[in-house]
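When the sequence shown is numbered by this note's numbering, its final residue is 465 and no position is left out of the sequence of numbers. Backbone N, C-alpha and C fix where the C-beta goes; we use that ideal spot for every residue, glycine too. Before any comments, here is the structure.
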Amino acid sequence: MSPRTGPSGPLSRERIVAAAIEIADENGLDAVSMRRVAQRLGAGAMSLYRHVADKDELVVAMVEQVNAGHVYPDAAEMTWRESMHTLARYDWSAYLAHPWMLTATATVTPPFGTASLAAMEWALTALEPLGLPQQEAARAVMTMNNYVQGSARVVLGARRPGADDDPGRSWQQRLGEVDLTEFPRLRQLIDQPLRDRERDWFDEGLDVILDGVQARSLLARE
């Protein structure tokens, strides 16, 4: 077998990136190396460098492939708030399906490729009806992304048999057996009935942020 081919045929950048994503999904981003990707493809490690310069470039390509899987609707046909919920849900689904994305998006250099930049452009376009200065709009998108990433980390970190994907309910359940005599406000909060499971904690938390964005847009118009 030629070192430039794998058991499924000639190597390509697409096959290399796909194999790297498989490894990262299974074992995390630290498990991804040119050698392990080559082993997955049944090829020689050096043959990968004809398509990808190094691991940094490979990780950027991995992020790009995941982001390119999202087809964003026409922002003009949605309210700005609907657009932000759509963007957040896309990112949320990517982080839960590919937890390594949380590390990759924070550490790769350069941090963005075409698909990632297109998502940012789409978000800024969707916020234009609010009349925010560009820097304010960018800050709003960044704050929303930080919320999505933080929420994903909490949920992924708590995933275990019987765990609740709602951080609020999970927190309430964990503290239910704790002696909170010296913390009466916490005790009162914990003793309240569990929230209606049909209410979406993720969307509600996002709306707290978006309410602030809307308030700042009103100030910007004054």
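Rounded C-alpha distance that separates residue i from residue j
i	j	result
Arg459	Ala366	17 Å
Ala262	Ala349	21 Å
Arg428	Ala296	56 Å
Val397	Leu254	38 Å
Glu364	Trp444	27 Å
Val302	Asn389	20 Å
Arg324	Trp335	16 Å
Ala381	Arg279	38 Å
Glu257	Asp273	20 Å
Gln457	Asn310	27 Å
Asp446	Ile433	22 Å
Ser394	Gly287	40 Å
Gln378	Val421	45 Å
Val275	Val391	25 Å
Gly185	Asp268	Residue 185 is absent from the structure shown; the chain starts at 244 and stops at 465.
Met244	Ala281	The predicted model places Met244 with a pLDDT of 43, which falls under 50 and marks its position as unreliable; any figure quoted below should be read in that light. Taking the straight line from one Cα to the other gives about 13 Å.
Whether residue i touches residue j by CB criterion (8 Å)
i	j	result
Ala318	Thr368	yes
Leu330	Leu399	no
Leu291	Ile259	yes
Ile452	Thr386	yes
Ala361	Leu370	no
Ala337	Met327	no
Gly374	Ala304	no
Val306	Ser359	yes
Arg430	Leu423	yes
Assigned secondary structure, residue i (DSSP; H/G/I helix, E/B strand, else coil)
i	result
Pro253	strand
Gly393	helix
Pro372	helix
Met363	helix
Gly356	coil
Thr348	helix
From the options, residue whose alpha carbon lies closest to that of residue i
i	options	result
Arg283	Ile266, Glu325, Val391	Ile266
Gly271	His341, His294, Glu320, Gln308	His341
Glu320	Val275, Pro372, Met289	Pro372
Gln435	Phe426, Gly419, Asp450, Glu425	Gly419
Arg332	Asp450, Glu269, Asp268	Asp450
Asp299	Gly285, Met277, Phe426, Arg293	Met277
Heavy atom of the ligand FMN within 7 Å of residue i beta-carbon
i	result
His328	The ligand FMN is absent from the structure shown, which contains no ligand whatsoever.
| said: Suppose only complete runs of 4+ residues qualify. What are the alpha helix (DSSP H) ranges in the stretch 265 to 319, listed by chain order? | reply: Runs found: 277 to 284, 288 to 291, 298 to 311.
| query | Of all the alpha helix (DSSP H) runs that stay within the bounds of the stretch 416 to 458, which reach a length of 4 or more residues? | reply | Along the length of the stretch 416 to 458, whole alpha helix (DSSP H) runs at least 4 residues long occupy 427 to 434, reported in chain order.
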